[in-house]
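Engineer: In this note's numbering, the protein residues as written are 80 to 171.
Starting off with a structure, shown below.
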């Protein structure tokens with residue numbers, strides 16, 4: 080795993096920061112762990128683990144949080160990502 084800011088990760092970070100004003104944001108490119116599996120792309124940025132802590136998630140269930148993150152990232156960028164693991168919290 081690498082904590083990287085390649086172009087996909089950097090754009091994802093920008094969009095998530097704008098949408099959620101997070102207290103914690105961590106984007107890890109986990110692509111190398113999936114070498115040889117479906118969706119792997121040479122050069123990475125196909126599989127990510129995102130940890131996001133934001134008060135914007137207060138009162139939202141797990142599915143609503145995931146939908147909000149997907150919407151903030153946008154269909155264009157989601158189309159370039161094969162897998163996205165989300166660890167989301169409102170910080171409480």
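Just so it is clear, CB atoms sit at the ideal spot from N, CA and C, and this is done for glycine as well.
Are the region 128 to 144 and the region 153 to 160 touching by the rule of at least three beta carbon pairs closer than 8 Å?
Structural biologist: No, they do not touch.
Engineer: If we require 3 or more residues per run, which beta strand (DSSP E) segments fall completely within the region 99 to 170?
Structural biologist: Taking 3 residues as the shortest admissible run, the region 99 to 170 contains the following complete beta strand (DSSP E) segments, listed from N- to C-terminal end: 103 to 108, 126 to 132 and 162 to 168.
Engineer: Where residue 145 and residue 88 are concerned, what is the direct C-alpha to C-alpha distance, given to the nearest angstrom?
Structural biologist: 17 Å
Engineer: On the premise that residue 151 lies in contact with residue 94, defined as a C-beta separation below 8 Å, what is that separation, rounded to the nearest angstrom?
Structural biologist: 5 Å
Engineer: Alpha carbon to alpha carbon, what distance is there between residue 106 and residue 166?
Structural biologist: 10 Å
Engineer: Buried or exposed for residue 86, going by 16 or more other Cβ atoms inside 10 Å?
Structural biologist: The residue is exposed, with fewer than 16 neighbouring Cβ atoms inside 10 Å.
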